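*Asks:*
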Amino acid sequence: MRMLLINRPFVQFGLALATVLALPLFLGSGILASEILIYALIAAACNLLLGYTGLLSFGQGIFFGVGSYVAGIFLTRYGLPVWMVLVMATLLGAAIATLVGWLSIRRQGVYFVMLTLAFSQLFYFLAYTFADITGGDNGLMDVPRPVVFGMALNSAWSFYTYTAVSFLALFALMLRATQSTFGRTLIAVRDNEERAAAIGFPVKAFKTAAFAISGAVTAYAGALKAMLIGVAPLANIEHHTSEMILIMTIIGGSTSLFASVLGASAYLLLADWLSQIWPRWLLLLGLALVVVALFLQKGLWGLVEKLWIRASGAKKEG
Numbered sequence: 001m002r003m004l005l006i007n008r009p010f011v012q013f014g015l016a017l018a019t020v021l022a023l024p025l026f027l028g029s030g031i032l033a034s035e036i037l038i039y040a041l042i043a044a045a046c047n048l049l050l051g052y053t054g055l056l057s058f059g060q061g062i063f064f065g066v067g068s069y070v071a072g073i074f075l076t077r078y079g080l081p082v083w084m085v086l087v088m089a090t091l092l093g094a095a096i097a098t099l100v101g102w103l104s105i106r107r108q109g110v111y112f113v114m115l116t117l118a119f120s121q122l123f124y125f126l127a128y129t130f131a132d133i134t135g136g137d138n139g140l141m142d143v144p145r146p147v148v149f150g151m152a153l154n155s156a157w158s159f160y161t162y163t164a165v166s167f168l169a170l171f172a173l174m175l176r177a178t179q180s181t182f183g184r185t186l187i188a189v190r191d192n193e194e195r196a197a198a199i200g201f202p203v204k205a206f207k208t209a210a211f212a213i214s215g216a217v218t219a220y221a222g223a224l225k226a227m228l229i230g231v232a233p234l235a236n237i238e239h240h241t242s243e244m245i246l247i248m249t250i251i252g253g254s255t256s257l258f259a260s261v262l263g264a265s266a267y268l269l270l271a272d273w274l275s276q277i278w279p280r281w282l283l284l285l286g287l288a289l290v291v292v293a294l295f296l297q298k299g300l301w302g303l304v305e306k307l308w309i310r311a312s313g314a315k316k317e318g
C-alpha cells in the first residue's frame, strides 16, 4: 500500500519546522522550548534503534552523559571553541556507541536489553568514581553558552535559535538516513533478521552503524543540554535517563521520526504542567503513561495516523 502523506519525508521535515516556529509562540520559557528540541533529538536517535532496527536499548543515557561531560570538561577547563567541543562530543559518542553496540548485539532479546542496562550502570559508576574528571555527585558547573560570531548566546531565546538550527539540521540528516538504502535495510533487519542475513546483508554491521549514529546524535544533544543549563550533572548518565528517553520514544510511537518529536514534547509539557498542580506529579504522569500503554499502543503518532486516515480516506501503508 502507498505511504501516508503525513509519513513522507518532506511532510515530516515540514512538521519539524512548524514545531520549531510554534514553540516560541506558545511557550513563555525559552529554556523549556530548547529542552523540547534537545530531547526530541534524543528520542529520534533512540527511535532509529527501537523503531527502525528493533533494538530496545537502555544505554542511551551513556551517550547523553558523555556529551554533557565533553562540553563541561573542554569548555570550562580548556576553553576550546564550541564548534570543536560539539564535534568532539559527537565523535566520542559515536565511538562509545559503536563499542557498546558491537558488544551488545552479540546477544538478542532480553539478554541484549540486560547488556545495555549493564553498560549503563558501568558508565555511571565510572563517572561517579572518577570525580576529579566528572565532578562526581556535583557534576561540572559553570558550563558556558556558545559564542556565535562574537556574540554570547546568554539569553534563553537566542540559545533556542542555536538549538533550533542544530535540531533541524540533524533531524534532516536522520530523516535522509531512514529513507536511504541504509534505512530500508535496517527495517528489513527489524522485520526478519534471519532473512536479511540469508540474502547477504551484514546484519551486525548495520546494527552497529545504527548504534553509532544514535550515539553521535545523542551525545551532541547532551552537549547542548549542558550548555543550556550550565551544568553537566551525574544524573545525565544514570539509567533513569535512559528510561526517560525510552518512555518519550514509546509515547510518540516508532513509526516515524516526527513521532519522537511528538513524544518528547508531550512528556516534557505534561511534566511541566503536572508539576505545577501537585508536588507528587510523577504519580499523575505515571497514570498518563498507563493510559498511553493501554489505549495508544502505537503512540501518539498512531492516533494521528488514524485521524488522518479517517479525515482523508487514505489507506495505511503496508
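Numbering (our numbering), first residue to last: 1 to 318.
Where is the CB? At the ideal position from N, CA and C, for every residue including glycine.
Model, not experiment: these values are computed from the prediction.
For L170 and L41, I'd like the C-alpha separation in whole angstroms.
*Replies:* Whole-angstrom Cα-Cα distance: 8 Å.
*Asks:* Please look up how many angstroms separate the CB atoms of L268 and I36, rounded, as I've assumed it's under 8 Å.
*Replies:* Sure, about 5 Å apart at Cβ, within 8 Å.
*Asks:* By alpha-carbon positions, which one of A232, M174, L168 and P202 ends up nearest to A216?
*Replies:* The option with the nearest alpha carbon to A216 is M174.
*Asks:* How many angstroms separate the CA atom of T255 from the CA atom of S57?
*Replies:* T255 and S57: Cα-Cα distance of roughly 17 Å.
*Asks:* So T255 is in the alpha helix (DSSP H); what residue range does that whole segment cover?
*Replies:* T255 -> no alpha helix (DSSP H), and no H or E assigned at all.
*Asks:* Are there three or more Cβ pairs, one per stretch, closer than 8 Å when the segment 84-94 is compared with the segment 203-221?
*Replies:* The answer is yes - the segment 203-221 touches the segment 84-94, with three or more Cβ pairs under 8 Å.
*Asks:* How would you call V143, buried or exposed, if buried means at least 16 neighbouring beta carbons within 10 angstroms?
*Replies:* Classification for V143: buried.
*Asks:* So G101 and I237 are in contact, right, with Cβ under 8 Å, and what is the actual spacing, rounded?
*Replies:* Wrong, their Cβ atoms sit about 17 Å apart, outside the cutoff.
*Asks:* For L80, collect the residues of the same chain with a Cβ closer than 7 Å to its Cβ; drop the 5 residues on either side in sequence, then sort them by chain order.
*Replies:* Closer than 7 Å at Cβ, skipping near neighbours: F74.
*Asks:* Would you please state the rounded distance, in angstroms, between the beta carbons of A71 and M227? I believe it to be under 8 Å.
*Replies:* Contact holds; Cβ gap of about 6 Å.
*Asks:* Taking the alpha helix (DSSP H) that I199 falls in, what are its first and last residues?
*Replies:* Taken as a continuous stretch (DSSP letters only), I199 belongs to no alpha helix (DSSP H), as it is neither H nor E.
*Asks:* Looking only at its own chain, which residues have a Cβ that is under 7 Å from the Cβ of A311, when we skip the five neighbours before and after it?
*Replies:* Cβ neighbours of A311 beyond the five flanking positions: none.
*Asks:* Tell me whether V85 sits in a helix, a strand or coil according to DSSP, three-state version.
*Replies:* Here V85 sits in helix by DSSP.
*Asks:* Using 8 Å for Cβ pairs, my map puts W301 next to G222. What's the rounded Cβ distance?
*Replies:* Contact flag wrong, Cβ pair sits at about 25 Å.
*Asks:* Decide yes or no for the touch test of the segment 22-38 against the segment 151-158: beta carbon pairs closer than 8 Å, at least 3 of them.
*Replies:* The segment 22-38 is in contact with the segment 151-158.
*Asks:* Hey, how far is the Cα of N138 from the Cα of Y124?
*Replies:* So the two alpha carbons sit approximately 14 Å from each other.
*Asks:* According to DSSP, simplified to helix, strand and coil, what is V148?
*Replies:* It is a strand residue.
*Asks:* Out of curiosity, what's the CA-to-CA distance linking V272 and W278?
*Replies:* One detail in the question is off: residue 272 reads as Asp in this sequence, not Val. Cα-Cα distance, rounded: 11 Å.
*Asks:* Once you ignore the five residues that flank A94 on each side, which residues in its own chain have a CB closer than 6 Å to its CB?
*Replies:* Within the same chain, A94 has close Cβ partners A212, G215 and A216.
*Asks:* Residue ranges of each alpha helix (DSSP H) run of no fewer than 4 residues wholly in the segment 202-283, ordered along the chain?
*Replies:* You should have 203-229, 239-252 and 257-277.
*Asks:* Runs of 3 residues minimum, wholly inside the segment 36-79: which ones carry the beta strand (DSSP E) assignment?
*Replies:* Runs of the beta strand (DSSP E) inside the segment 36-79: none found.
*Asks:* Roughly how many whole angstroms lie between the Cα atoms of K298 and I250?
*Replies:* Each residue's alpha carbon lies about 8 Å from the other.
*Asks:* May I have the straight-line CA-CA distance separating R190 from T19, to the nearest angstrom?
*Replies:* Each residue's alpha carbon lies about 29 Å from the other.
*Asks:* Comparing alpha-carbon positions, which option in G135, R145 and K204 lies nearest T98?
*Replies:* Closest option to T98, Cα to Cα, is K204.
*Asks:* Check M1 in the structure and name its three-state DSSP category.
*Replies:* With a pLDDT of 48 at M1, under the threshold of 50, the predicted position of this residue should be treated as unreliable, though the coordinate-derived value follows. Correct three-state label for M1: coil.
*Asks:* For L296, name the three-state secondary structure that DSSP assigns.
*Replies:* DSSP places L296 in coil when its eight states are reduced to three.
*Asks:* Do you know offhand how far E243's Cα is from Y78's?
*Replies:* Taking the straight line joining both Cα atoms gives about 32 Å.
*Asks:* Would you check if the distance between the CB atom of L186 and the CB atom of T76 is smaller than 7 Å?
*Replies:* No, these two residues do not count as a Cβ contact at 7 Å.
*Asks:* Is the beta carbon of Q12 sitting closer than 7 Å to the one on L257?
*Replies:* Taking 7 Å as the Cβ cut-off, Q12 and L257 qualify as a contacting pair.
*Asks:* Under 6 Å Cβ to Cβ from F63, same chain only, skipping five residues before and after it: list those, please.
*Replies:* Excluding positions up to five away in sequence, the list reads G93, A97, G215, T218 and A219.
*Asks:* How about A188 and A196: do their beta carbons lie closer than 7 Å?
*Replies:* In contact: A188 and A196 (Cβ atoms closer than 7 Å).
*Asks:* Give the range of the alpha helix (DSSP H) segment to which S166 is assigned.
*Replies:* Here the alpha helix (DSSP H) through S166 covers A156 to Q179.
*Asks:* Is DSSP giving L140 helix, strand or coil here?
*Replies:* Looking at L140 - three-state DSSP - the assignment turns out to be strand.
*Asks:* Decide if Y111 is buried, meaning its Cβ has at least 16 other Cβ atoms within 10 Å, or exposed.
*Replies:* Per the 10 Å Cβ criterion, exposed.
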